[in-house]
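In my numbering, the protein residues as written are 1155 to 1367.
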């Protein structure tokens, strides 16, 4: 027969185990509201973004980098070209062909990673959250739909993938109803100071200029 002290010790031990198990269960509980709130806390003040990405859909394996300001200026670097926008003019520079095409900002794509990152907290509302396995990573996918009746930027469904317990964005999926555009985010920095003159371009001698403005 257990003594009173042994019984008290056993009760205390079971209580500690229960509290630890319960706290672990709570730490693994993610809600739509809590995840969206954590994203808002980190990204709502974002003014600049620098990221490296790899496309998954509809074209797989395209690697690139992006530097952008919330004002609409950006530099997109791909394997075969660099695209620079100063929020008025877009330069599409293709070094191997020694060519640059120039267009006005009205021809800027309505959907791109920088537009999504700068606007999703305000133009979309969280709907659901699910767990996914992507490669060797277990990710949480927060699904968002446009506020109101019209699809913001033409995107009808947006999913932001995060590592559990983190606000680091690992993948973005944007569905416009016709195709799903998916990017894996390899590196993401926000509010870093971008170099002056980054968003301007003057064609050097020997470059063919095609002005489409």
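Note that the Cβ used here is the ideal one computed from N, Cα and C, for glycine as well.
Classify residue i: buried if its beta carbon has 16 or more other beta carbons within 10 angstroms, exposed otherwise.
i, result
"residue 1216", "exposed"
"residue 1223", "buried"
"residue 1331", "exposed"
"residue 1221", "buried"
"residue 1251", "exposed"
"residue 1218", "buried"
"residue 1203", "buried"
"residue 1359", "exposed"
"residue 1336", "buried"
Could you pull the DSSP bridge partners for residue i from this structure?
i, result
"residue 1344", "1203"
"residue 1208", "1217 and 1338"
"residue 1325", "1315 and 1338"
"residue 1282", "1297"
"residue 1259", "For residue 1259, which the question treats as bridged, DSSP gives no partner whatsoever."
"residue 1236", "1231 and 1247"
"residue 1222", "1203 and 1228"
"residue 1364", "1255"
"residue 1332", "Partner(s): none; residue 1332 has no beta bridge."
Cβ of residue i within 8 Å of Cβ of residue j?
i, j, result
"residue 1192", "residue 1273", "no"
"residue 1310", "residue 1277", "no"
"residue 1342", "residue 1323", "yes"
"residue 1338", "residue 1210", "yes"
"residue 1184", "residue 1275", "no"
"residue 1200", "residue 1344", "yes"
"residue 1205", "residue 1267", "yes"
"residue 1298", "residue 1288", "no"
Closer than 7 Å by C-beta to residue i: which residues in its own chain qualify, once you throw out the five before and the five after it? Chain order, please.
i, result
"residue 1292", "1285 and 1318"
"residue 1241", "1225, 1226, 1227 and 1259"
"residue 1366", "1255, 1256 and 1257"
"residue 1357", "1254 and 1363"
"residue 1233", "1217"
Throw me the rounded Cβ distance for the residue i and residue j pair, which I believe falls under 8 Å.
i, j, result
"residue 1255", "residue 1361", "Rounded, the Cβ-Cβ distance is 11 Å, inconsistent with contact."
"residue 1208", "residue 1340", "6 Å"
"residue 1269", "residue 1189", "22 Å between Cβ atoms; not a contact."
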